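Below you'll find the structure, written out as structure tokens, and then a few comments.
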Amino acid sequence: MTPLYRRDLLAALSGLAAFGAGTVDAWAKTPARKSVKKPAPRPRPKLIVLDPGHGGKDPGALGARGTREKTVVLLVARELQRQLQAGGRYRVMLTRTSDVFIPLRTRVARAESAKADLFLSLHADSHPDSDVRGASVYTLSEEASDREAAALAARENRADALGSLRLDRQSDSVVRTLVAMAQRGTVNDSRRLAEAMVEAFGRNGVRRLRRTHRRAGFAVLTSAEIPAALVELGYLSNSHDEKMLTVRQHQIHLARVLRAAVDAYFAADSATRKA
Ligand SMILES: [Zn+2]
350 MTPLYRRDLL
360 AALSGLAAFG
370 AGTVDAWAKT
380 PARKSVKKPA
390 PRPRPKLIVL
400 DPGHGGKDPG
410 ALGARGTREK
420 TVVLLVAREL
430 QRQLQAGGRY
440 RVMLTRTSDV
450 FIPLRTRVAR
460 AESAKADLFL
470 SLHADSHPDS
480 DVRGASVYTL
490 SEEASDREAA
500 ALAARENRAD
510 ALGSLRLDRQ
520 SDSVVRTLVA
530 MAQRGTVNDS
540 RRLAEAMVEA
550 FGRNGVRRLR
560 RTHRRAGFAV
570 LTSAEIPAAL
580 VELGYLSNSH
590 DEKMLTVRQH
600 QIHLARVLRA
610 AVDAYFAADS
620 ATRKA
């Protein structure tokens, strides 16, 4: 044994002894505990970023009875935040907590700098055909899954045109993000998140749009690091959906269903990690 090594070892041992003494002292104050079992390290609570769509000068969709998308999605986001935090398993951050305009890229940037584990953008849609109703879920894709998803992405992305950002580089950034997402597995995770939501809607009696999970180039979903989905909670252009979205009990129910989907997503996540 070299002297240097021995000195390090002795230093380490004395450190351990001091730590041990402290531990014994601490346990001595709690005589009820007999076996000194090292508690399993508590997993760091996951950080969920909820993104209530629109806000401020951008009201989003408008219902016939005057319901504003920006208002109902903030109410559902707040309720979902409350429910997610109640279990102690999640930390939750909202991209906006009041009626303010925030550019889409700023929302993404905030989630990235906070190192979010999940990004969920909440919206309510509008359709020229007032019979169309139901919830739907969207993930990022270069090619839209259908014309309606493409049109929706264009509508949702318009929010950035209200700010000072130009949209002509939009498709470039979608492609770049998708390549990075594929490398990191974020594409799969986002898809899994979307499927968990579709399933939770189905299981809990939330009416769904047919082909509930669709894909398009949403600017707000362009983080390479964070699994993300955009939910349209219903259609404000449909009188039934509009009424439901303003009913407090329905907002609470929607939040409950979304929380169940988030739980299912992370449960499957830790199961695959253990396997
Ligand atoms: Zn929207």
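Numbering-wise (my numbering), the sequence shown opens with residue 350 and increments by one. The beta carbon of each residue, even a glycine, is placed where N, CA and C say it ideally should be. The structure presented is a predicted model; accordingly, all values stated were derived computationally and were not measured.
Span separating the alpha-carbon of residue i from that of residue j
i, j, result
"R541", "K387", "35 Å"
"R559", "V536", "22 Å"
"A613", "M546", "9 Å"
"R459", "V425", "20 Å"
"A502", "F567", "5 Å"
"M442", "I397", "6 Å"
"D618", "P408", "35 Å"
"E497", "S485", "12 Å"
"E392", "D590", "The displayed chain sequence assigns Pro, not Glu, to residue 392. Answer to the nearest angstrom: the Cα atoms are 39 Å apart."
"S494", "T488", "10 Å"
"G336", "S522", "Outside the shown range of the chain (350 to 624) lies residue 336, about which nothing can therefore be said."
"L429", "S470", "12 Å"
"Q598", "L607", "14 Å"
"A543", "R482", "19 Å"
"S572", "R445", "18 Å"
"E548", "A610", "8 Å"
"R557", "G551", "7 Å"
"V449", "K406", "8 Å"
"A508", "Y439", "29 Å"
"E461", "A620", "25 Å"
"N506", "A389", "45 Å"
"L365", "L570", "Note on L365: pLDDT 40, under 50, position unreliable in the model; the coordinate value appears next. Between L365 and L570, the C-alpha separation is close to 48 Å."
"V555", "R525", "34 Å"
"A500", "F468", "22 Å"
"A510", "A465", "26 Å"
"G437", "K395", "10 Å"
"T420", "L433", "20 Å"
"F615", "E574", "16 Å"
Residues that DSSP places opposite residue i in a beta bridge
i, result
"F468", "V398, A577"
"V486", "H562, V580"
"L443", "L399"
"D628", "This structure gives no information on residue 628, because the portion of the chain shown stretches from 350 to 624."
heavy atom of ligand 1 below 8 Å from residue i C-beta
i, result
"R504", "yes"
"H476", "no"
"A410", "yes"
"G473", "This sequence places Ala at residue 473; Gly is not what is there. Because some heavy atom of ligand 1 lies under 8 Å away, the Cβ of A473 counts as near it: yes."
"G402", "yes"
"E581", "yes"
"E591", "no"
"E497", "no"
"E491", "no"
"E428", "no"
"E418", "yes"
Report the start-end ranges of each beta strand (DSSP E) in the region 537-621 that is 3 residues or longer and not cut off at the edges.
Correct list: 557-565, 577-584.
Whether or not the region 466-477 and the region 528-535 are in contact is what I'm after, with contact meaning three or more pairs of Cβ atoms, one per stretch, closer than 8 Å; do they touch?
With a cut-off of 8 Å, the region 466-477 and the region 528-535 do not count as touching, because too few Cβ pairs lie within range.
Please give me, in chain order, every unbroken run of the alpha helix (DSSP H) with length at least 4 that falls completely inside the region 399-433.
Along the length of the region 399-433, whole alpha helix (DSSP H) runs at least 4 residues long do not occur.
Would you be able to state if there are at least three C-beta pairs under 8 Å between the region 413-430 and the region 581-590?
Here the region 581-590 makes contact with the region 413-430; the two share three or more CB pairs at distances below 8 Å.
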